[in-house]
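Enquirer: In our numbering, each residue's number is its place in the sequence shown (first place is 1) plus 124.
Glycine included, each C-beta is placed from N, C-alpha and C at the ideal position.
Below are the structure tokens for one structure; questions will follow.
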Amino acid sequence: MNTPFDPETPKRPGIFARLRGSFLTGLVVIAPVGLTVWLVWSVVGWIDGFVLPLVPNYYQPDKLIQTYLGLEPSVQIDVRGIGVVIFLLFTVFIGWVAKGYIGRSLIRYAESLVERTPVVRSIYSGIKQISETVFAQSERSFEKACLIEYPRKGIWAIGFISTTAKGEVSARAGNTGALLSIFVPTTPNPTSGFLLFFPAEDVIELDMSVEDAAKLVISAGLVYPNGKELIETITHIK
């Protein structure tokens with residue numbers, strides 16, 4: 125006999141609840157794959173639509189395939205991706221030329237002309253800064269992920285160690301030890317954040333990689349790296 129104090133027996137979910145759960149699970153699996161395929165397909169089509177009209181009609185990929193296979197002109201062949209290949213080869217060629225003396229001279233001359241044009245100068249300089257920030261090759265990157273007490277004692281934040289502070293910043297800080305520049309990203313957009321300078325003794329370096337720390341920030345703490353090896357290491361030390 126049940127009493128009012130007995131725990132309630134959990135109800136078995138109905139068929140619609142189970143179908144809803146299965147649908148959501150399937151959506152979680154399909155959505156990333158589907159969106160990725162759609163995005164790649166759309167970008168490839170957009171690049172093809174921009175590049176292929178610049179190619180002479182006789183050298184169009186579909187025309188070459190029709191000629192090679194002996195197909196009738198009425199047979200339409202959609203060859204997607206050739207424009208991307210042409211774009212990549214053209215970009216590599218431009219980059220190779222730009223690294224040489226002649227290429228650098230031409231770029232300096234073109235930029236000097238742009239600097240004399242009021243409106244174009246502002247647009248070009250802004251786009252150039254964005255391009256250099258996003259695409260420029262650099263040997264420098266974040267060294268380590270770390271923990272810092274920010275914005276006050278007792279509250280911890282994940283940061284990325286950029287480098288050791290130098291010059292006027294280090295001199296005017298008056299710190300006797302090393303001063304580290306720490307980038308503290310915002311969630312879920314890690315491209316914005318705060319640049320802070322911390323004494324090295326107040327920074328706890330993490331064993332997780334920079335990529336894993338970035339995933340943790342972007343996911344708002346929902347995706348944690350595998351800490352099995354770290355736990356075993358800490359246990360061994362103890």
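Please list the terminal residues of the continuous alpha helix (DSSP H) segment that includes V167.
Expert: Taken as a continuous stretch (DSSP letters only), the alpha helix (DSSP H) holding V167 covers 139-175.
Enquirer: If contacts are defined as beta-carbon pairs under 8 Å, then I285 and E267 qualify, I think. What distance do you get, rounded to the angstrom?
Expert: With a Cβ gap of about 5 Å, I285 and E267 count as contacting.
Enquirer: Need the endpoints of the alpha helix (DSSP H) that I342 sits in, please.
Expert: Residues 334-342.
Enquirer: Please name the residue in G205, G345, R245, Y192 whose C-alpha comes closest to that of I171.
Expert: Comparing Cα-Cα distances from I171 to each of G205, G345, R245, Y192, the minimum goes to G205.
Enquirer: Is it buried or exposed, A337, if we count other Cβ atoms within 10 angstroms and call 16 or more buried?
Expert: Label assigned to A337: buried.
Enquirer: Rounded to whole angstroms, what's the CA-CA distance from E263 to P185? Just pull it up for me.
Expert: Residue placement at E263 is poorly supported in this model, since its pLDDT is 49, which falls under 50; the coordinates still yield a value, given next. In a straight line, the C-alpha of E263 is about 39 Å away from that of P185.
Enquirer: Going by beta carbon distance, what residues of the same chain come within less than 8 Å of I279, once the five residues before and after it are set aside?
Expert: Contacts found: E273.
Enquirer: Since G301 and P275 should fall inside the 8 Å C-beta cutoff, what is the C-beta to C-beta distance between them, to a whole number of angstroms?
Expert: Incorrect: roughly 22 Å between the Cβ atoms, too far for contact.
Enquirer: Quick one: what's S305 bridged to in DSSP?
Expert: In the DSSP output, where bridge partners are listed per residue, S305 has T287, F321.
Enquirer: Using beta-carbon positions only, say whether I306 and C270 come within less than 8 Å of one another.
Expert: Going by C-beta atoms, I306 is nearer than 8 Å to C270.
Enquirer: Return the CA-CA distance between L340 and P156, expressed in angstroms with no decimal places.
Expert: Each residue's Cα considered, the two are about 18 Å apart.
Enquirer: Under 8 Å by Cβ, that's how I've got T311 and A344 pegged, so tell me the actual separation to the nearest angstrom.
Expert: Going by Cβ atoms, the distance from T311 to A344 rounds to 5 Å, so yes, they are a contact pair.
Enquirer: Please determine, among D331, M332, L303, the residue with the shortest C-alpha to C-alpha distance to L320.
Expert: Closest by alpha carbon: L303.
Enquirer: What's the call for V164, buried or exposed, on a 16-neighbour Cβ count within 10 Å?
Expert: By the neighbour-count rule (16 or more Cβ atoms within 10 Å), V164 is not buried but exposed.
Enquirer: In the structure shown, what three-state DSSP assignment does I107 receive?
Expert: Residue 107 falls outside the range modelled here, since the chain spans only 125 to 362, and no answer is possible.
Enquirer: Taking all protein chains shown into account, do 16 or more other C-beta atoms lie within 10 angstroms of the C-beta of L330, making it buried, or fewer, making it exposed?
Expert: L330 should be labelled buried.
Enquirer: How would you write the range of the beta strand (DSSP E) that K223 sits in, first residue to last?
Expert: Premise fails: K223 lies in the alpha helix (DSSP H), 206-223, not in any beta strand (DSSP E).
Enquirer: Which same chain residues, not among the five before or five after V347, have their C-beta less than 7 Å away from its C-beta?
Expert: For V347, where only same-chain residues beyond five positions count, the Cβ hits under 7 Å are K339, L340.
Enquirer: Would you tell me roughly how many angstroms separate the C-alpha atoms of K290 and F318, rounded to the nearest one?
Expert: The straight-line gap from Cα to Cα measures roughly 18 Å.
Enquirer: I'd like the list of long-range same chain contacts for N299, defined as Cβ closer than 8 Å, with 5 residues on each side in sequence excluded.
Expert: The answer, listed in chain order, is P323.
Enquirer: What three-state label does DSSP hand G345 in the structure shown?
Expert: DSSP places G345 in coil when its eight states are reduced to three.
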